[in-house]
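Residue numbers (our numbering): -4 to 211.
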Amino acid sequence: MQIKWYGHSSYLLTSDAGTRVLIDPYFKFLGYRMPVPVESDIVVVTHNHGDHNKVNAASGDYLLVNEPKEYNCGDVSISGFKTFHDKVNGKKRGPNIIFRFRMDGLTICHCGDLGHLLTEEQVKEIGKVDVLIVPVGGRATLAGAEAAQVMRQLHATVAIPMHYSTKALGILGRFFFAKVEKFLEAAGTRTTDVKSLNVSKESLAQYAGVVTMQYE
-4 MQIKWYGHSS
6 YLLTSDAGTR
16 VLIDPYFKFL
26 GYRMPVPVES
36 DIVVVTHNHG
46 DHNKVNAASG
56 DYLLVNEPKE
66 YNCGDVSISG
76 FKTFHDKVNG
86 KKRGPNIIFR
96 FRMDGLTICH
106 CGDLGHLLTE
116 EQVKEIGKVD
126 VLIVPVGGRA
136 TLAGAEAAQV
146 MRQLHATVAI
156 PMHYSTKALG
166 ILGRFFFAKV
176 EKFLEAAGTR
186 TTDVKSLNVS
196 KESLAQYAGV
206 VTMQYE
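Here it is as structure tokens:
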């Protein structure tokens, strides 16, 4: 399968059979721009904030996935788990959904704008994760050290950081998010940098640790 990053929290997962899963689409966010429209079979929204829910950035006869429940579409099965955008049960920033995708023999987990560590029950429900996509920039989500804890909670083989300050975000990005380095330090593992990630059950081990992705 292939994982491509569109900046911020938006990713396109493409299975070996060609099923396209677009996660948290937006149009513009500071220096980021989505290459719209994105042909999609499944469009996933982790929470209803304007920088995550622009479903009309997608095109095609897609399945909308935006609730904490089970979905199936072709070769992709999806489970949603209710979480929060903050540490006070959503009182500040509302609900959030962690989505787990099972495709091509891999388990991929996108945390949306998760704002807290997971409970024992949530860890048990989600289970072992092969690829964890997790926010690391703090302020409105997990900070770097907390994201590293979630990585360990889910025994993730690979962690992909998102929702952090990058050059593309410019000066304003520094006010909204921390840089990725705090997460890398807390994770304490090797880092691989890629434009896009092509990974299979057989090749997963070669990317073990943190994979940072380049915004284009």
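We put the CB at the ideal spot given by N, CA and C, even for glycine.
Query	Result
Assigned secondary structure, Lys77 (DSSP; H/G/I helix, E/B strand, else coil)	strand
CA-to-CA distance, Tyr210 to Ala163, given in whole angstroms	8 Å
Nearest to Asp125 (by Cα), restricted to the options Arg147, Ala138, Ser54	Arg147
Cβ neighbours of Val31 in the same chain (closer than 7 Å, five flanking residues each side left out)	Phe22, Ala52
Alpha-carbon to alpha-carbon, Arg88 and Ser195	36 Å
Cβ shell of Tyr1 (< 6 Å), same chain only, five flanking positions each side left out	Met29
Beta-ladder partner(s) of Arg105, from DSSP	This sequence places His at residue 105; Arg is not what is there. Phe94, Ile128, per the DSSP bridge assignment.
Touch test, the region 13 to 21 against the region 33 to 43, Cβ-Cβ under 8 Å, three pairs minimum	yes
Bridge-paired residues (DSSP) for Phe72	Per the sequence shown, residue 72 should be read as Ser rather than Phe. According to DSSP, which records beta bridges pairwise, Ser72 is partnered with Asn67, Arg97.
Closest residue to Ala12 among Ser4, Met(-4), Ser5, Phe24 (Cα-Cα distance)	Met(-4)
Top-ranked residue by Cα proximity to Leu161, from Ala151, Ile155, Ala173	According to the sequence shown, residue 161 is Thr rather than Leu. Closest option to Thr161, Cα to Cα, is Ala173.
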